[in-house]
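A short worksheet on the structure shown next.
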Amino acid sequence: MDNYQKLVMPKKTKYRLTVVYVPLIDILTVLGFIALGLHVAKISNLPSIMQFVLLAFSAIVGIAGVASTTLCYGVPNWKVLFLVLKQDRNKYYPLYVRKEKENWEKE
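Read in my numbering, the sequence shown has 16 at position 15, and its numbers run on one by one without any break.
Below you can see the structure in the form of structure tokens.
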């Protein structure tokens with residue numbers, strides 16, 4: 002029976018709380034960026050127009066941080082940025098576009 006349970010039970014399960022198909026953690030992250038922008042706007046005593054601009058900018062930064070690109074689907078941009086900053090700069094990592102690589106392999 003133990004061998005059967007080892008085969009059937011998954012090693013890792015992922016779940017996300019979603020609100021209208023948007024993960025709750027993403028919504029909270031964007032709201033956190035907006036709250037941070039509001040706090041900075043109140044501390045700096047900016048005019049109301051500039052406060053609105055700062056809030057819009059912080060919302061855009063929050064959305065850009067939780068969004069994912071087509072090349073790394075499912076991985077938010079903040080994780081990609083963190084991994085790029087964390088990587089070893091003494092090693093060479095070649096950059097290429099998929100279509101160019103496919104054309105190189107055909108030749």
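Virtual Cβ for every residue (Gly too), placed ideally from N, Cα, C.
Cα-Cα separation between residue i and residue j, rounded to whole angstroms
| i | j | result |
| --- | --- | --- |
| Y22 | V76 | 16 angstroms |
| I28 | S45 | 26 angstroms |
| C73 | F58 | 24 angstroms |
| W79 | T70 | 11 angstroms |
| L84 | R90 | 12 angstroms |
| H40 | K92 | 40 angstroms |
| I50 | Q88 | 40 angstroms |
| P24 | P48 | 34 angstroms |
Proximity of residue i and residue j at Cβ, strictly below 9 angstroms
| i | j | result |
| --- | --- | --- |
| G63 | T30 | yes |
| A60 | G38 | yes |
| A42 | L55 | yes |
Nearest candidate by alpha-carbon position, reference residue i, set the options
| i | options | result |
| --- | --- | --- |
| V81 | Q52, S49, V54, G66 | G66 |
| A36 | P48, P24, Q52 | Q52 |
Residue i, enclosing alpha helix (DSSP H) - first and last residue
| i | result |
| --- | --- |
| L47 | Taken as a continuous stretch (DSSP letters only), L47 belongs to no alpha helix (DSSP H), as it is neither H nor E. |
| V85 | 78-87 |
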